[in-house]
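Chains as they are written, first to last, in the numbering used here: chain A, 1 to 554; chain B, 1 to 80.
No residue lacks a Cβ here, since even glycine has one placed at the ideal position from N, Cα and C.
Structure first, commentary second.
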Amino acid sequence: MSAIEIILFAFLMYAMGYLLYSRYLSKKVFSLDDSRKTPAWELRDDVDYVPTNRWILLGHHFTSITGAGPIIGPAIAVIWGWLPALLWVVLGAVFIGAVHDFSALVTSIRHKGKSIGTILGNYAGEKARIVFLLLILALAILVNAVFAYVIALLFTKFPASVIPAWSIVPLAVIFGYSVYRFRVNFVLLSIVFLLLLYISVFVGNSFPVYPDILKNLTGIDPLIFWIFILFLYTFFASSLPVWVLLQPRDFLNGLQLIVLLVLMYVGALVADPVVSAPAINIDPEGAPSIFPFLFITIACGALSGFHALVSSGTTSKQLSKESDARTVGYLGFLGESSLAVIVIVACTAGLSLVSYDRYSELYSSWDSIKKSSIPAVVEGGAGLISSLGIDYGLSQTLIATLIVLFAATTMDTSVRIQRYILNELGHIYDLKLLRNPWSASLIAVLTSMVLVFSKEEGKGGFLFWPIFGAANQLLAALALLVSFLYLRSERKPTLAILIPFMLVLIITSSAMFLNFLNNTLKKDILLATVSFIILTLEVVIILESIRVVKNGYK
Amino acid sequence: MGINEFLKEIYRLKFGYGFRKSARQMEEVFLFFLFAEYFGMPNYFKFYFAEIIPELLEEFHSWHRRMGMEKSPLEWIRCC
Numbered sequence: 001m002s003a004i005e006i007i008l009f010a011f012l013m014y015a016m017g018y019l020l021y022s023r024y025l026s027k028k029v030f031s032l033d034d035s036r037k038t039p040a041w042e043l044r045d046d047v048d049y050v051p052t053n054r055w056i057l058l059g060h061h062f063t064s065i066t067g068a069g070p071i072i073g074p075a076i077a078v079i080w081g082w083l084p085a086l087l088w089v090v091l092g093a094v095f096i097g098a099v100h101d102f103s104a105l106v107t108s109i110r111h112k113g114k115s116i117g118t119i120l121g122n123y124a125g126e127k128a129r130i131v132f133l134l135l136i137l138a139l140a141i142l143v144n145a146v147f148a149y150v151i152a153l154l155f156t157k158f159p160a161s162v163i164p165a166w167s168i169v170p171l172a173v174i175f176g177y178s179v180y181r182f183r184v185n186f187v188l189l190s191i192v193f194l195l196l197l198y199i200s201v202f203v204g205n206s207f208p209v210y211p212d213i214l215k216n217l218t219g220i221d222p223l224i225f226w227i228f229i230l231f232l233y234t235f236f237a238s239s240l241p242v243w244v245l246l247q248p249r250d251f252l253n254g255l256q257l258i259v260l261l262v263l264m265y266v267g268a269l270v271a272d273p274v275v276s277a278p279a280i281n282i283d284p285e286g287a288p289s290i291f292p293f294l295f296i297t298i299a300c301g302a303l304s305g306f307h308a309l310v311s312s313g314t315t316s317k318q319l320s321k322e323s324d325a326r327t328v329g330y331l332g333f334l335g336e337s338s339l340a341v342i343v344i345v346a347c348t349a350g351l352s353l354v355s356y357d358r359y360s361e362l363y364s365s366w367d368s369i370k371k372s373s374i375p376a377v378v379e380g381g382a383g384l385i386s387s388l389g390i391d392y393g394l395s396q397t398l399i400a401t402l403i404v405l406f407a408a409t410t411m412d413t414s415v416r417i418q419r420y421i422l423n424e425l426g427h428i429y430d431l432k433l434l435r436n437p438w439s440a441s442l443i444a445v446l447t448s449m450v451l452v453f454s455k456e457e458g459k460g461g462f463l464f465w466p467i468f469g470a471a472n473q474l475l476a477a478l479a480l481l482v483s484f485l486y487l488r489s490e491r492k493p494t495l496a497i498l499i500p501f502m503l504v505l506i507i508t509s510s511a512m513f514l515n516f517l518n519n520t521l522k523k524d525i526l527l528a529t530v531s532f533i534i535l536t537l538e539v540v541i542i543l544e545s546i547r548v549v550k551n552g553y554k
Numbered sequence: 001m002g003i004n005e006f007l008k009e010i011y012r013l014k015f016g017y018g019f020r021k022s023a024r025q026m027e028e029v030f031l032f033f034l035f036a037e038y039f040g041m042p043n044y045f046k047f048y049f050a051e052i053i054p055e056l057l058e059e060f061h062s063w064h065r066r067m068g069m070e071k072s073p074l075e076w077i078r079c080c
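As structure tokens, this is what we get:
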């Protein structure tokens, strides 16, 4: 098997999914009708509700949903071989993930552009809405714990990425200021800032910040040092107004994402490396069983509930025609999934460009991937990019930097999300402490910090990834439930939503149950507790769904 | 559409929310003064405002819709 064959397979499936399945969904299931006014037109206010060209909206939607998620999941999951990961990413995207995004978008459009949480509250009551909020809160806490570890790991393994990763901060601030302040050519401005960033990659490559230097300077373990600094940074960055740092940074990230995708895909097509990983490895040393853990390890890229928040939060208020939902919702997700595919190619085939047995070195056991799965993406991806004539070391720094940038922006956003939710809970339960933005931020940062430090002094941050995946998919299950309830109330065919919904519930509940059981046996109280919390939320969701469905039939 | 336009639009759409919102708030305050009589307050500047009312018809229409009134609430400005 070679990289090109994998890519061809994936894109063939995507094309069929988009041309055939999404057509079926839009015609037969949701009966999209362009003569129906979308909320963007009906409620047009040019603030929230803005009718937008579908390609612009696709660009906005795609860059909002794609980040470090589809890089980390597949990088771990290829330990079970390339085939299961590839099949889940591609088929999961076509039949579940993209369907979820699309249906959340359409359901929101049909409810005046309201968000999935609000629609859920309408259908299933206040309790379901609080579960929804708690799930998002859990997601945000878990994602920060994992991403802080991932960034710190990249900083210690690829010290050349430290300078470029931090230089984006002043660059983004100046970029954001220039956009609003000077009437300059936008493309030119973007190119100049991207070039400045790449120069910083070059500088970083020449002046790596070695972990030993840090250790001598501070006397602290470099990994812990970076995790601590990252949380400190996130605490302050998330308190700034969004337009100062987060937004321009997010925009530059969106451009980088395209650069990364193009470079890796072209590199893979030029080099066409052979796959050095086994197709299937049912029982890697120390790994949990492939079912259900593969399916929750890869959440983003195959199915991610977070997308429902974007689909129903902003995108649905800007969709100009109902039929555009197919392009924006369905195709947007396939775009994210294609990032997961190239990560699989990088880790299983790209690594063979480094050395033929590099895969078996890095993926020797479940324990080793904690430290080696992200470096595998960096090494494999750099292998692909270096076939375009770019220096291998420089390619490594570039990819490591980009992953850090995506992850750091997500940390910033998720602390903000935690703050909003804590504020809302503070209002619901009348707690002053949660209503204060500073204390809410502090609580948000501290909870993630406690999680990551309590596992082998930060080194076990990765152990939360599968739980994050499960929580993310549970959120997706809730969005699917909302779409199901809507379709049923309209007397439309529901199987296309119901089957993924049941599948997701089975996968996540069995995974969390097994995780809880294993960790209780191992006397790992923290992991057992976190799994138990997610499992409890899941049981509440199942019971609520049954109640709502039953009541509906009355 | 050129790439410049495309990127600019994405940026505006993604991040212009805060600006759009505060511009809208200022507009609302302005319209509030313009139609102050409707809220039972004397409008000393009616004479000066009268001149711009024709210019604001479209604006007025979207404003009363935003305020949750399908039809124009004022007798002397009929809905389109």
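Residue i versus residue j: straight-line alpha-carbon distance, rounded
{"i": "residue 228 (chain A)", "j": "residue 169 (chain A)", "result": "18 Å"}
{"i": "residue 278 (chain A)", "j": "residue 335 (chain A)", "result": "26 Å"}
{"i": "residue 545 (chain A)", "j": "residue 54 (chain B)", "result": "54 Å"}
{"i": "residue 212 (chain A)", "j": "residue 160 (chain A)", "result": "13 Å"}
{"i": "residue 377 (chain A)", "j": "residue 113 (chain A)", "result": "38 Å"}
{"i": "residue 553 (chain A)", "j": "residue 2 (chain A)", "result": "Low local confidence applies: a pLDDT of 44 at residue 553 (chain A) is under 50, so the model's placement there is unreliable, and no value is given."}
{"i": "residue 405 (chain A)", "j": "residue 60 (chain B)", "result": "45 Å"}
{"i": "residue 138 (chain A)", "j": "residue 123 (chain A)", "result": "23 Å"}
{"i": "residue 150 (chain A)", "j": "residue 327 (chain A)", "result": "33 Å"}
{"i": "residue 235 (chain A)", "j": "residue 421 (chain A)", "result": "16 Å"}
{"i": "residue 70 (chain B)", "j": "residue 25 (chain B)", "result": "20 Å"}
{"i": "residue 184 (chain A)", "j": "residue 172 (chain A)", "result": "16 Å"}
{"i": "residue 62 (chain B)", "j": "residue 23 (chain A)", "result": "35 Å"}
{"i": "residue 16 (chain B)", "j": "residue 9 (chain B)", "result": "10 Å"}
{"i": "residue 514 (chain A)", "j": "residue 177 (chain A)", "result": "50 Å"}
{"i": "residue 292 (chain A)", "j": "residue 44 (chain A)", "result": "44 Å"}
{"i": "residue 17 (chain A)", "j": "residue 340 (chain A)", "result": "17 Å"}
{"i": "residue 319 (chain A)", "j": "residue 329 (chain A)", "result": "10 Å"}
{"i": "residue 18 (chain B)", "j": "residue 459 (chain A)", "result": "39 Å"}
{"i": "residue 285 (chain A)", "j": "residue 366 (chain A)", "result": "6 Å"}
{"i": "residue 431 (chain A)", "j": "residue 45 (chain B)", "result": "46 Å"}
{"i": "residue 274 (chain A)", "j": "residue 305 (chain A)", "result": "34 Å"}
Short Cβ contact (8 Å threshold) for residue i with residue j
{"i": "residue 403 (chain A)", "j": "residue 369 (chain A)", "result": "no"}
{"i": "residue 296 (chain A)", "j": "residue 500 (chain A)", "result": "no"}
{"i": "residue 364 (chain A)", "j": "residue 108 (chain A)", "result": "no"}
{"i": "residue 73 (chain A)", "j": "residue 469 (chain A)", "result": "yes"}
{"i": "residue 455 (chain A)", "j": "residue 446 (chain A)", "result": "no"}
{"i": "residue 537 (chain A)", "j": "residue 135 (chain A)", "result": "yes"}
{"i": "residue 80 (chain A)", "j": "residue 342 (chain A)", "result": "no"}
{"i": "residue 82 (chain A)", "j": "residue 344 (chain A)", "result": "yes"}
{"i": "residue 479 (chain A)", "j": "residue 508 (chain A)", "result": "no"}
{"i": "residue 46 (chain A)", "j": "residue 20 (chain B)", "result": "yes"}
{"i": "residue 398 (chain A)", "j": "residue 89 (chain A)", "result": "no"}
{"i": "residue 154 (chain A)", "j": "residue 371 (chain A)", "result": "no"}
{"i": "residue 215 (chain A)", "j": "residue 208 (chain A)", "result": "no"}
{"i": "residue 271 (chain A)", "j": "residue 384 (chain A)", "result": "yes"}
{"i": "residue 13 (chain A)", "j": "residue 99 (chain A)", "result": "no"}
{"i": "residue 230 (chain A)", "j": "residue 424 (chain A)", "result": "no"}
Supposed close pair residue i, residue j - CB separation, criterion 8 Å
{"i": "residue 483 (chain A)", "j": "residue 103 (chain A)", "result": "4 Å"}
{"i": "residue 474 (chain A)", "j": "residue 534 (chain A)", "result": "7 Å"}
{"i": "residue 78 (chain A)", "j": "residue 347 (chain A)", "result": "5 Å"}
{"i": "residue 31 (chain B)", "j": "residue 49 (chain B)", "result": "Rounded, the Cβ-Cβ distance is 10 Å, inconsistent with contact."}
{"i": "residue 461 (chain A)", "j": "residue 237 (chain A)", "result": "With a Cβ gap of about 20 Å, residue 461 (chain A) and residue 237 (chain A) do not count as contacting."}
8 Å Cβ cut-off: residues of chain C touching residue i
{"i": "residue 414 (chain A)", "result": "Although the question refers to chain C, the structure presented lacks it and instead comprises the protein chains A and B."}
Any non-hydrogen atom of the ligand MG within 7 Å of residue i CB
{"i": "residue 75 (chain A)", "result": "With respect to the ligand MG, the structure offers nothing, as it holds no ligand at all."}
Counterpart residues of residue i in DSSP-defined beta bridges
{"i": "residue 2 (chain A)", "result": "A:274"}
{"i": "residue 510 (chain A)", "result": "Per DSSP, none; premise fails for residue 510 (chain A)."}
{"i": "residue 64 (chain A)", "result": "According to DSSP, which records beta bridges pairwise, residue 64 (chain A) is partnered with nothing at all."}
Segments of 4+ residues assigned as alpha helix (DSSP H) that fall wholly inside the region 382-431 of chain A: 392-429
Secondary structure, alpha helix (DSSP H): runs of 4+ residues fully inside the region 168-239 of chain A: The qualifying runs are 186-206, 211-218, 222-237.
At what residue ranges does the region 263-346 of chain A contain a whole run of the alpha helix (DSSP H), taking only runs of 4 or more? 290-297, 306-313, 332-345
Runs of beta strand (DSSP E) wholly within the region 140-166 of chain A (minimum 3 residues, chain order): none
What are the complete alpha helix (DSSP H) segments, minimum 4 residues, inside the region 418-505 of chain A? 432-435, 437-454, 465-489
Contained alpha helix (DSSP H) runs [length at least 4] in the region 40-72 of chain B, N- to C-terminal order: 46-49, 57-66
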